[in-house]
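Chains as they are written, first to last, in my numbering: chain A, 1 to 334; chain B, 1 to 395.
Have a look at the structure below, then the notes.
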Amino acid sequence: MKKITSTLLISSVLALAATSVSAGTLETVKSKGHVQCGVSTGLAGFSNADASGNWQGLDVDVCRAVAAAVLGDATKVKFTPLTAKERFTALQSGEIDILSRNTTWTLTRDGSLGLNFAGVNYYDGQGFMVSKAIGVKSALELDGAAVCLQSGTTTELNLADYFSANGMTYKSINYDTSDATIKGFEAGRCDMLTSDQSQLYSLRIKLENPSSAIVLPEVISKEPLGPVVRQGDDEWFNIVRWSLNAMINAEELGLTSANIDSMKTKSPAIERFVGGQGGKLGIDDAWSYNIIKQVGNYGESFEANVGLDTPLAIARGLNDLWSRGGIMYAPPIR
Amino acid sequence: MSELETVQKPSNPAVWNNPKYRALFFQALLIAGLVYFFYSVVDNTLSNMESRGISTGFGFLTEKAGFGILQSLVQFNEDSSYGRTFIVGLVNTGLVAVLGIFMATLLGFGMGVARLSNNWLVAKLATVYIEIFRNIPLLLQIFFWYFAVLAGLPSARNSMSLGLGIEFNVRGLYLPGPVAEPGFLITVVAFIIGFIALLFMRQWARKRQDETGQQFPVGWSSLILLIGFPLVVFWASGMPMSIEYPVLKGFNFAGGIAVVPELLALVLALTIYTGAFIAETVRAGILAVDHGQTEASLALGLKRGQLMKLVIIPQAMRVIIPPLTSQYLNLTKNSSLATAIGYPDLVNVFMGTTLNQTGQAIEITAMTMAVYLTASLLISSVMNWYNKKMAIVER
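Shown next, in the form of structure tokens:
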């Protein structure tokens, strides 16, 4: 009898656990008072903890924006560092509320993992970094090369496609972490390192002598990176999507964390933006104001974390607003 | 008295009071409970995954993988299936385990005996080796052999030539590889014949010694049969084999046999780490044999070599084998640390890349766990069989 009781007990606990996970993420976040955000294990400019343990970066700002929108306080975020391998399982199992970790949006990931991509916060592409010493100017001269890369990413598939399309061969050494990858490259285990271009710049500054390596001009793939949420929770999906959209729209409207108070009534569009219409998303009307006031617009976040004045020195390029020649474009808030 | 006896005798009890049926009933209940428990866990998982839109099943195994693997002993390219990546990973894990077990056993036995040596220097060196490598975490040792040693090696263009066409550089160890030409099959057949003849010869020699007491030079005859005979055949058939030397082509060496540094570092670390434990096991086994055995054998006029081979080792093996089995199991399971340095073993390839490309976490993790479980049980049963063979046979 004892067995049966315990069996019943265990299965009812499991059933309970199942229901609590499928309860709305918004309610869960509100009741626990913070957003649990999955980030990388340390990628300068995107998600990286500073000396005192504060997370900073472009991907981190997305989580902060969501916290500002939902809880009214951008600091109410807790971070879970995840490797490329762990990230989807952590989100599927409900360990984190948002995955904001330079993750490429692909059909397979969207369709078969039970996840939804809420938008794109960085348009990236895969590139190559080689040591200056081997004197290569183009990726097409790399036939027979050894390649270091981090496993568990879209990188491996793009690499295989690119080399077979150009009739070249390669040997890939797949490391677990980006640290091991850069160490292998530095030790000369491979002729080149391949990754998303943004990461190449961030990895290059980890080299003992960053100027000893160059990033080749070729971009061999499309890598739209963006925040990810669990499928089937449309309310939360909308909140994450529109938190990101609000940041992009604010840049277009010229609203920054510094001027939003004085600009409040400048134009109908700005009034609508600050008015927020949060009720339609199930959150407070001040959500958009909070995001811009506490986190800043997309351009501010970009310049502060990866822009030309940072060690990464990445130009806006594709990630500039559509009105300035880039492809950053957010649907209007109205 | 007789009256009392009849009273004490239990009357035919009711079914629910019969201890036999009661025990059966409760065992059946327990099994039913367990079955229901596992059923509900699996069912719950499946329905939860379905409600979240996560696809399940093993259909992914036939899909095209589309990525490259550094080292594969079986045919593999970017067009192969995910199922194939499983095989590649499995074979690579097997390779590390077999090489590691073989070399760790040699090193361990050598060091174990050396630590008992009468030579002060040899004994102390063995002690230092054991105490250092037994007490440093394995992962650190793997990193050491990989990153520290790798960084010190020359680049492919300034490769270190070790003579005989062997090249050693940061990209790995390149050995001249034999290439069989038509007619080489005869030599292979000769080798097989030599091996079979060797088995018969050993049986015959043992029988003869049992019957007549005369000894036959088994060692030398084995060498002649196993190596000499095929060599003669190889020479007589016109030496149908060429040797391919590795040459620098573009960025890397091509041709010959290439051993990637990841494999070198991993096997080295596993060998040195496990060897230290095996050495202690061997030392314990030898010390467990009573000194009286040595004295008795010497008194009977056995030589030192015979004493070891015929008296000490067979008795020590009984003590050594059970803990040795554990070390073999540890080595096999520890080989999964390969993923830290990018050696394409099962965990790196299948539970790493394949899992990430397909997202089938539960299926892939279950398959990987099943592999390690099967491998461990296999090693364990082989060693148990060997143990039984070596155990004292009571007459």
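C-beta atoms are modelled at their ideal positions from N, C-alpha and C, and glycine is treated no differently.
Closest in C-alpha terms to Lys64(B), from the list Thr358(B), Gln293(B) and Tyr372(B), comes Thr358(B). Contact between Cys37(A) and Asp97(A) holds, with the beta-carbon distance rounding to 7 Å and staying under 8 Å. Fully enclosed alpha helix (DSSP H) runs of no fewer than 4 residues occupy 178-186, 197-204 and 234-253 of the segment 174-253 of chain A, in order along the chain. At a cut-off of 8 Å between beta carbons, Ile173(A) contacts chain B.
Of all residues in the segment 249-262 of chain B, the ones placed with a Cβ closer than 9 Å to any Cβ belonging to chain A are Lys249, Gly250, Phe251, Asn252, Ala254, Val260, Pro261 and Glu262, in chain order. Using a Cβ distance threshold of 8 Å, Glu186(A) and Thr256(A) do not count as a contacting pair.
Judged by beta-carbon spacing, Thr281(B) lies beyond the 8 Å limit of Ile312(B), meaning their Cβ atoms are not closer than that value. Per the coordinates, the alpha-carbon of Thr368(B) lies some 38 Å from the alpha-carbon of Ile196(B). At a cut-off of 8 Å between beta-carbon atoms, Gln231(A) makes contact with chain B. Boundaries of the alpha helix (DSSP H) harbouring Tyr129(B): Trp120 to Arg134, taken from the DSSP string.
The beta carbon of Ala146(A) is closer than 6 Å to those of Lys171, Cys190 and Asp191 in its chain, skipping five residues each way along the sequence.
Distance from the CA atom of Leu310(B) to the CA atom of Lys303(B), rounded to whole angstroms, is 10 Å. Selection Thr85(B), Thr187(B) and Gln75(B) evaluated against Thr62(B) yields Thr85(B) as nearest (Cα-Cα).
For the pair Ala104(B) and Leu266(B), the CB atoms are not nearer than the 8 Å cut-off. Here the C-alpha atom of Leu173(B) lies approximately 38 Å from the C-alpha atom of Arg202(B). Among the residues facing chain B, Glu235(A) is not included, as its CB has no counterpart in that chain under 8 Å away. In the three-state reduction of the DSSP assignment, Trp55(A) falls in the strand class. Take the alpha-carbon of Tyr298(A) and the one of Pro137(B): they are about 46 Å apart.
Chain-order list of chain A residues neighbouring Leu139(B): empty, with the shortest C-beta distance near 11 Å, by a criterion of under 9 Å. Going by DSSP, Phe128(A) is part of no alpha helix (DSSP H) but of the beta strand (DSSP E) stretching over Gln126 to Ser131. With a threshold of 8 Å between beta carbons, Ser155(B) makes contact with chain A.
Burial is judged here by how many other beta carbons sit within 10 angstroms of a residue's own beta carbon; Met263(A) has at least 16 and is buried.
Closer than 9 Å at the C-beta level to chain B, one finds these residues of the segment 174-206 of chain A: Asn174, Tyr175, Asp176, Thr177, Ala180, Thr181, Lys183, Gly184, Glu186, Ala187, Gly188, Arg189, Cys190 and Asp191. Taken through DSSP and simplified to helix, strand or coil, Met351(B) comes out as helix. Within the segment 317-340 of chain B, those residues whose Cβ lies closer than 9 Å to any Cβ of chain A are, in chain order, Thr339 and Ala340. For Gln92(A), the chain B residues whose C-beta falls within less than 9 Å of its own C-beta are Met49, Arg52, Ile54, Gly359 and Ala361, listed in chain order.
The C-alpha of Phe102(B) is placed about 22 Å away from the C-alpha of Leu125(B). For Phe88(A), the neighbours in chain B by C-beta distance under 7 Å run, in chain order, Gly359. Fully enclosed beta strand (DSSP E) runs of no fewer than 3 residues occupy 115-117, 122-124, 126-131 and 145-150 of the segment 111-168 of chain A, in order along the chain.
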